[in-house]
Amino acid sequence: MKKVLFILMTVPFLMTSCQEDFIEKVDKNGLNSDSFMQFESQAKEAVTSIYDPLTHYGMYNWGFMIFGDGPTDNIENDWGDGNWGPAIVNIHNFNWDGSNTFIVRRWNSSYKGISRANFVLANLDKVQNFSSESVRNQFEGEALFLRALYYYNLVSAYGDVPLITSLLSPDEINNISKTAESEVWAQIDADLAKASTLLPASYPAEEVGRATRGAAFGLLSRVRLWTKDYAGAESAANAVDGLGYSLVSSDDYVKMFDGRMENSSESLFETQLVAGLGGLWNAHATEQSILMHLYPRLAWGDYMHPRRKGTYDIVDIFETGDIRREASILVPYEDQLFSPTLGEMRTFPDTETHDDFRSNVVNNEVYQMRKFISNDDNLWGGPAGFREGVAINIPVVRYAEVILNKAEALVEQNQLPQAESALNLIRVRANLPTVSGLTQSALREQIKQDRRIELIFEGHRFGDLKRWGELSKIADAGLSYGGQVNFPIPTQEGDINPNLME
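Note that my numbering has the sequence shown beginning at 78, numbered continuously upward.
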């Protein structure tokens, strides 16, 4: 699906809260919500449209990192220029309010995806003559998986949120109340469990990128850690083990993040991004991310550095020899990169090849993020790279995470040898020594440390600290953490529906 545009349908999906009665009017001369999804091709279009909000700013375009790493000890971010800079800095500095554009965009995009999933689920039985029962099952499974993923992004960020699993009228939407977090998690679990029975294990090459059985089980293993269902998390992770996934080699590790090895054997689910489609500055019209804001050759692209501030140095969390350090973080004048232009290894920053690196990189004042930076040195932030955006897929669920989910579930069940065995798969790939004979407490801390390093900058850190009850570690790293646990519900939603602010 990497080369397939996400189809934005013309049927009237519910996008966000609305008050106008004209939304209910029906165009009797063309397709509408009553006449659509009569045929399998239309059902496929409807299902494909559910994927689209994943590429929006608040989701896996850039928001995954802003929410998941931005307000944590992984990041420093003092740069607040332009339209988005102040919003990113405010999230980083815990100056959270309901008008923050990313807080609004995460909410809107999630419910946009949920409403599309609900539309598909409500109308699948209208479709005439599916080519096979497996196709119908696949469409239902995709809708359930994606609804669960959108709800995961909501409940993990905001806590109590409205749980909507059917099509509602504008009046019903505008008067809905929040649902307890526990009920939302239960629905996510149920959706993923059912999706795992409906989805195929794999797809033909032209359909790669759609949700699979492995994606459902993988996300389910994460969700059950949130709800402390450790036996269930272990079971879901074990189900992934039987589906043919494998860790890529140490040599290939960085390739999963720089565009050279998308949809690898380690990938359970990625947000598929495509270059050259235009609309870069319109979250509803692009299939690219705006991660060029991290490029070291853009004078204004000075956002979200790996944290190196005051007495805190993130490089210190890596053990000697860990290949993930250089694959995740570039230390100026210490690390080297291969230059496709020159055909040789070059020290970063290579000022002989490019004379426009940011001054704070050249002066060794900041570290540079390595993940999600293209391997093509001509696109490291020059004018072409800025205008083209970034088409590197964003990993949503990786097999490495599932192994770590399993290790955590096992250690919490006091199955220590089995937990060590799972963790050692990750450590061996990182070229680190194995662990053995650790106490439950020590092994738990080692799993947390390897999880942080393995998944760094992929949007997991804040959620992990939150579910572990360890958000105070943010303050320990020198950030101005004010005790926040949940992001505020967007102000505009409360203006329409005061029930959401109760």
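We treat Cβ as the ideally placed atom computed from N, Cα and C, and that holds for glycine.
(message) With three or more C-beta pairs closer than 8 Å as the rule, is the region 225-242 touching the region 150-163?
(response) These segments do not touch.
(request) Label V474 either buried or exposed according to how many other C-beta atoms from any shown protein chain fall within 10 Å of its C-beta, with 16 as the threshold for buried. (result) Reading the sequence shown from its first residue, position 397 is the one you call residue 474. Result: buried.
(message) Quick check: L221 and A292, are their CB atoms within less than 8 Å of each other?
(response) The residue labelled residue 221 in the question sits at position 144 within the sequence shown. The residue labelled residue 292 in the question sits at position 215 within the sequence shown. Not in contact: L221 and A292 (Cβ atoms no closer than 8 Å).
(message) Taking the beta strand (DSSP E) that S416 belongs to, which residues open and close that run?
(response) The sequence position of residue 416 within the sequence shown is 339, counting from 1. In the DSSP assignment, S416 falls within the beta strand (DSSP E) that extends over Q413 to S416.
(request) Could you check the C-alpha separation between T363 and P130 for me, to the nearest Å? (result) By 1-based counting over the sequence shown, the position of residue 363 is 286. By 1-based counting over the sequence shown, the position of residue 130 is 53. Between T363 and P130, the alpha-carbon positions lie close to 10 Å from each other.
(request) Indicate whether L502 and A496 have their beta-carbon atoms separated by less than 8 Å. (result) Taking the first residue of the sequence shown as 1, we reach residue 502 at position 425. Taking the first residue of the sequence shown as 1, we reach residue 496 at position 419. A496 is positioned such that its CB atom lies no closer than 8 Å to that of L502.
(message) Quick check for students: name the residue ranges of the alpha helix (DSSP H) that lie wholly in the region 461-505, counting only runs of 4 or more.
(response) Qualifying alpha helix (DSSP H) stretches, in chain order: 476-489.
(message) So for F346, helix, strand or coil by DSSP?
(response) Within the sequence shown, the letter at position 269 stands for residue 346. Of the three classes helix, strand and coil, the one that applies to F346 here is strand, per DSSP.
(message) Tell me which residues share the same chain as G135 and place their Cβ nearer than 6 Å to its Cβ, disregarding the 5 neighbours each side in the sequence.
(response) Counted from its first residue, the sequence shown places residue 135 at position 58. If you ignore the 5 residues before and after G135, its C-beta comes within less than 6 Å of the C-beta of F179, R182, R183 and S186, all in its own chain and listed in chain order.
(request) Answer yes or no: do E343 and L509 have a C-beta to C-beta separation smaller than 8 Å? (result) Here the question's residue 343 lines up with position 266 in the sequence shown. Here the question's residue 509 lines up with position 432 in the sequence shown. No, they are not a contact pair.
(request) State the Cα-Cα distance for the pair G286 and I480, rounded to the nearest angstrom. (result) If you number the sequence shown from 1, residue 286 lands on position 209. If you number the sequence shown from 1, residue 480 lands on position 403. G286 and I480 have their C-alpha atoms some 21 Å from each other.
(message) Taking 8 Å as the threshold (C-beta atoms), are A278 and L320 in contact?
(response) The count along the sequence shown starts at 1 and reaches residue 320 at position 243. The count along the sequence shown starts at 1 and reaches residue 278 at position 201. Less than 8 Å divides the Cβ of L320 from the Cβ of A278.
(message) Using only the alpha-carbon positions, how far apart do E122 and L269 sit?
(response) Reading the sequence shown from its first residue, position 45 is the one you call residue 122. Reading the sequence shown from its first residue, position 192 is the one you call residue 269. Here the C-alpha atom of E122 lies approximately 22 Å from the C-alpha atom of L269.
(message) DSSP three-state label for K386, please.
(response) Locating residue 386 in the sequence shown gives position 309, counting from the first residue. Strand.
(request) Ignoring anything shorter than 4 residues or poking outside the region 534-571, list the alpha helix (DSSP H) runs there in chain order. (result) Counting only runs of at least 4 residues, the region 534-571 fully encloses the following alpha helix (DSSP H) elements, listed from N- to C-terminal order: 538-545 and 549-553.
(message) For M86 and S126, what's the separation of their Cα atoms in angstroms?
(response) Here residue 86 is taken as the residue at index 9 of the sequence shown, counted from 1. Here residue 126 is taken as the residue at index 49 of the sequence shown, counted from 1. Low local confidence applies: a pLDDT of 36 at M86 is under 50, so the model's placement there is unreliable, with the coordinate-based value given in what follows. Roughly 7 Å between the two C-alpha positions.
(request) Entirely within the region 250-301 and at least 4 residues each: give me those alpha helix (DSSP H) ranges in chain order. (result) Qualifying alpha helix (DSSP H) stretches, in chain order: 258-275.
(request) Would you list the residues sitting across from V408 in a DSSP beta bridge? (result) Counting from one through the sequence shown, the residue named residue 408 turns up at place 331. Note: V408 sits in no beta bridge, so no partner.
(request) Just grab the DSSP bridge partners of E153 for me. (result) Translated into positions along the sequence shown, residue 153 becomes position 76. In the DSSP output, where bridge partners are listed per residue, E153 has H382.
(request) Would you mind stating whether F564 and A234 have Cβ atoms separated by less than 8 Å? (result) Taking the sequence shown and counting its residues from 1, the one referred to as residue 564 is at position 487. Taking the sequence shown and counting its residues from 1, the one referred to as residue 234 is at position 157. Against a cut-off of 8 Å, the Cβ pair of A234 and F564 comes out as a contact.
(request) On a CA-only basis, which of R504, T428, P494 and E217 is nearest T516? Give me that one, please. (result) Here residue 516 is taken as the residue at index 439 of the sequence shown, counted from 1. Ranking R504, T428, P494 and E217 by Cα distance to T516 puts P494 first.
(message) Comparing C-alpha positions only, which one of Y380, G466, A468 and S211 sits nearest to P148?
(response) Against the sequence shown, residue 148 aligns to sequence position 71. Comparing Cα-Cα distances from P148 to each of Y380, G466, A468 and S211, the minimum goes to Y380.
(message) Suppose you measure from the CA of L371 to the CA of K203; what does that come to, to the nearest Å?
(response) Position 294 of the sequence shown, counted from the start, is the residue given in the question as residue 371. Position 126 of the sequence shown, counted from the start, is the residue given in the question as residue 203. Looking at the backbone, the Cα of L371 and that of K203 are separated by about 46 Å.
(request) Compute the distance between the beta-carbons of T428 and G175, then report whether it is under 8 Å. (result) If you number the sequence shown from 1, residue 428 lands on position 351. If you number the sequence shown from 1, residue 175 lands on position 98. No.
(request) Would you give the residue range spanned by the alpha helix (DSSP H) that M333 belongs to? (result) On the sequence shown, position 256 is the one that residue 333 refers to. Unbroken run through M333: none, as it is neither H nor E.
(message) Assuming R423 is part of the beta strand (DSSP E), what are its boundary residues?
(response) As a position in the sequence shown, residue 423 is number 346, starting the count at 1. Counting along the chain, the unbroken beta strand (DSSP E) around R423 starts and ends at E421 to T424.
(message) Which of the three DSSP states is assigned to M578 in this structure?
(response) In the sequence shown, counting from the first residue as 1, residue 578 sits at position 501. In this structure, M578 counts as helix in the three-state DSSP scheme.
(message) For R374 and L407, which I take to be in contact (beta-carbon distance under 8 Å), what is that distance rounded to the nearest angstrom?
(response) Numbered from 1 along the sequence shown, position 297 holds the residue referred to as residue 374. Numbered from 1 along the sequence shown, position 330 holds the residue referred to as residue 407. No, R374 and L407 are not in contact; Cβ-Cβ is about 13 Å, not under 8 Å.
(message) Tell me the DSSP secondary structure of F83 in three-state form.
(response) Start at 1 with the first residue of the sequence shown, and residue 83 comes out as number 6. With a pLDDT of 38 at F83, under the threshold of 50, the predicted position of this residue should be treated as unreliable, though the coordinate-derived value follows. The answer is coil: DSSP assigns F83 none of H, G, I, E or B.
(message) Can you find the residues in the same chain that come closer than 7 Å, C-beta to C-beta, to A164, ignoring five residues on each side of it along the sequence?
(response) Counting from 1 along the sequence shown, the entry for residue 164 is found at position 87. Sequence-distant Cβ neighbours of A164 in its own chain, meaning closer than 7 Å and more than five residues away, are N177, T178 and F179.
(message) My output table needs one value for S326: the three-state DSSP class, helix, strand or coil.
(response) For the purposes of this step, residue 326 is identified with residue 249 of the sequence shown, where counting begins at 1. If DSSP states are grouped into helix, strand and coil, S326 belongs with coil.
(message) So if DSSP puts V238 in a beta bridge, which residue, or which two residues, is it bridged to?
(response) In the sequence shown, counting from the first residue as 1, residue 238 sits at position 161. DSSP output for V238 lists T256 as bridge partner(s).
(message) On the criterion of 16 or more Cβ atoms from any shown chain inside 10 Å, does S341 qualify as buried, or is it exposed?
(response) As a working note, residue 341 is residue 264 in the sequence shown. S341 should be labelled buried.
(request) Work out the CA separation of S208 and E403 for me, nearest whole Å. (result) For the purposes of this step, residue 403 is taken as the residue at position 326 of the sequence shown. For the purposes of this step, residue 208 is taken as the residue at position 131 of the sequence shown. In this structure, the alpha-carbon of E403 lies about 49 Å from that of S208.
(request) Return the Cβ separation of G218 and L276 in integer angstroms, given the expectation that the two are a contact with Cβ distance under 8 Å. (result) Here residue 218 corresponds to residue number 141 of the sequence shown, with the count starting at 1. Here residue 276 corresponds to residue number 199 of the sequence shown, with the count starting at 1. Yes, G218 and L276 are in contact; Cβ-Cβ is about 4 Å, under 8 Å.
(message) Could you tell me the alpha carbon to alpha carbon distance between T466 and Y137, rounded to whole angstroms?
(response) Here residue 466 refers to the residue found at position 389 when the sequence shown is read from its first residue. Here residue 137 refers to the residue found at position 60 when the sequence shown is read from its first residue. Note that residue 466 corresponds to Gly in the displayed sequence, not to Thr. Computed Cα separation, rounded: 14 Å.
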